[in-house]
Amino acid sequence: MEILFDEIPSLDLADFTSGTPEQKKAFVKKLGEAYQNIGFVAIKNHGLNQDLQDRLYASIKAFFALPDDIKSKYEKPEIGYQRGYTGKGKEHAKGRNTGDLKEFYHVGQELSLIPDSDPIKKEYPENLWPSEIPGFQNDAVEAYRTLEQAGKSMLKAIALHLELPEDYFEDKVAYGNSILRQIHYFPIENPDEVPADAVRAAEHGDINLITLLMGASADGLQVLRKDGKWIPITALPDQLVVNVGDMLERLTNKKLKSTIHRVVNPPRELMHTSRYSIPFFMHPRSEMDLTCLESCIDENHPKQFKDATAGEFLEERLRELGLRK
């Protein structure tokens with residue numbers, strides 16, 4: 002049945018991770034309803050405590066406040082900006098040429114934590130750590146691991162909703178190509194100087210399996226409902242917003258929705274302010290097969306995607322975003 006949500010549903014992840022069988026079942030049911038209709042939920046009890054969030058925000062604010070010539074030391078176009086800094090306006094949404102009004106920093110799997118016996122280790126570049134900001138590395142690695150853990154719990158619930166074994170995604174996301182992206186939507190001192198169609202983040206779907214977002218509380222994040230109406234996303238400070246990405250939509254033949262969302266510019270009088278947000282893009286290993294699940298294909302829902310691995314799909318999308326040449 003179709004549900005048009007006026008706001009995104011809120012769930013308690015503890016119901017799933019440590020609840021009774023009934024609570025666990027109810028969590029899966031509510032999650033499934035949300036992901037089949039709007040593609041977004043807000044969750045609490047995700048393991049990321051306020052102290053860590055505060056430290057992380059303090060270290061990224063300090064980094065983004067550095068002069069551009071120092072920040073650009075950490076910019077690596079030759080690896081498609083997959084680690085380190087990406088300067089202002091370098092990324093644009095698929096199908097657009099105008100760059101988004103943001104700069105960001107990418108943290109990936111910490112190589113020292115991946116066993117040498119795993120061939121995936123050779124696929125990833127080293128993380129870059131700004132020597133100017135002492136706590137940056139510890140805070141980012143701790144947040145990465147915490148969000149990865151919360152993401153694995155969410156994927157277990159998603160697997161149950163899809164009537165797959167609970168651990169279906171476990172080996173597919175073990176040391177997956179996930180990215181912690183620390184974003185600064187920078188102040189615009191003179192709004193007339195930016196292109197008329199430039200926004201903080203143009204409408205887009207995420208590439209990955211699921212995205213876990215902290216700091217969605219600042220105004221601006223909106224999600225496109227099935228009936229074409231944009232609704233604002235508000236999450237309480239203790240919540241993470243978790244949405245379906247394109248890879249999961251592909252795997253489930255659009256049963257689960259990768260919902261289009263955007264970050265709109267603030268009103269003109271607030272254009273001179275900064276906004277920070279930190280999404281964790283949960284990716285599988287590059288070899289994961291994204292072929293549509295047989296259980297999601299029937300007469301009414303013919304197969305909509307050609308077969309591809311996660312690695313192939315990611316490469317194609319990075320080129321569309323202007324991050325890979």
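Start counting the sequence shown at 2; every next residue gets the next number (my numbering).
C-beta atoms are modelled at their ideal positions from N, C-alpha and C, and glycine is treated no differently.
Using a Cβ-Cβ cut-off of 6 Å (strictly less than) and excluding sequence neighbours within five positions of Met289, which residues of its own chain qualify? Lys173 and Ala311
> Between Met283 and Gln54, which are expected to be in contact by the criterion C-beta below 8 Å, what is the C-beta distance as a whole number of angstroms?
Replying inline: No, Met283 and Gln54 are not in contact; Cβ-Cβ is about 18 Å, not under 8 Å.
Range of the contiguous alpha helix (DSSP H) that encloses Gly319
Going by the sequence as given, residue 319 is Leu instead of Gly. Segment Ala311 to Glu321, the alpha helix (DSSP H) holding Leu319.
Assuming Ile348 and Glu133 are in contact, meaning their beta carbons sit under 8 Å apart, how far apart are those beta carbons, in whole angstroms?
Lying before the first or after the last residue shown, residue 348 is absent from the chain, which here runs from 2 to 326.
query: Grouping DSSP H, G and I as helix and E and B as strand, with all else coil, what is Ser218?
result: Per-residue confidence for Ser218 stands at a pLDDT of 48, beneath the threshold of 50, marking its modelled position as unreliable; the derived number appears in the next sentence. Here Ser218 sits in coil by DSSP.
| request: With a 10 Å radius around its C-beta and 16 neighbouring C-beta atoms as the bar for buried, classify Ile4 as buried or exposed. | output: exposed
Helix, strand or coil for Ile44 per DSSP?
strand
Give the DSSP-derived three-state secondary structure of Gln240 in the structure shown.
coil
Inset, instruction - Just mark Ser73 as buried or exposed, buried being the case when its beta carbon has 16 or more other beta carbons within 10 Å. - result: exposed
If we ignore side chains and look at the alpha-carbon of each, how far apart do Phe137 and Ser296 end up? 44 Å
*asked:* Distance check for Pro196 and Asp101, CA to CA, integer angstroms please.
replied: 10 Å
Pairwise C-alpha distance: Ala27 and Trp130 = 42 Å
Counted within 10 angstroms of its Cβ, other Cβ atoms place Gln183 as buried (16 or more) or exposed | buried
Segment limits, beta strand (DSSP E) that includes Glu104 = Glu104 to Val108
- Tyr86 vs Gln110 beta-carbon contact at 8 Å: no
Would His47 be called buried (16 or more neighbouring beta carbons within 10 Å of its own) or exposed? buried
Could you check whether the region 29-49 touches the region 107-121, counting it as contact only if at least three pairs of C-beta atoms, one from each stretch, sit closer than 8 Å? no
| request: Return the chain-ordered list of same chain residues with a C-beta closer than 7 Å to the C-beta of Pro267, the five sequence neighbours on each side being excluded. | output: Asp220, Gly221 and Thr274
query = So Ile208 and Arg318 are in contact, right, with Cβ under 8 Å, and what is the actual spacing, rounded?
reply = 5 Å
Less than 7 Å separating the Cβ of Ser11 from some heavy atom of the ligand NAP?
Annotation note on the ligand NAP: not contained in the displayed structure, which lists no ligands.
* To do: Kindly identify the DSSP beta-bridge partner or partners of Gln223.
  => Pro233 and Arg263
Exercise for review: Whole angstroms is fine: what's the gap from Tyr82's alpha carbon to Tyr176's?
Suggested key: 19 Å
Requested in this report: Express the C-alpha separation of Asn191 and Arg269 in angstroms, rounding to a whole number.
Outcome: 9 Å
In chain order, what residues of the same chain lie with their CB nearer than 8 Å to the CB of Leu294, ignoring the 5 residues before and after it?
Leu163, Leu165, Leu252, Thr253 and Asn254
Practice item. Could you tell me which residues DSSP pairs with Asp13 in its beta bridges? Key: Lys45
Three-state class that DSSP yields for Ser296 in the structure shown | helix
Contiguous alpha helix (DSSP H) assignments of at least 4 residues, all confined to the region 151-202: 171-174
Problem - Nearest-angstrom Cα separation, counted from Ile159 out to Asp16 - result: 14 Å
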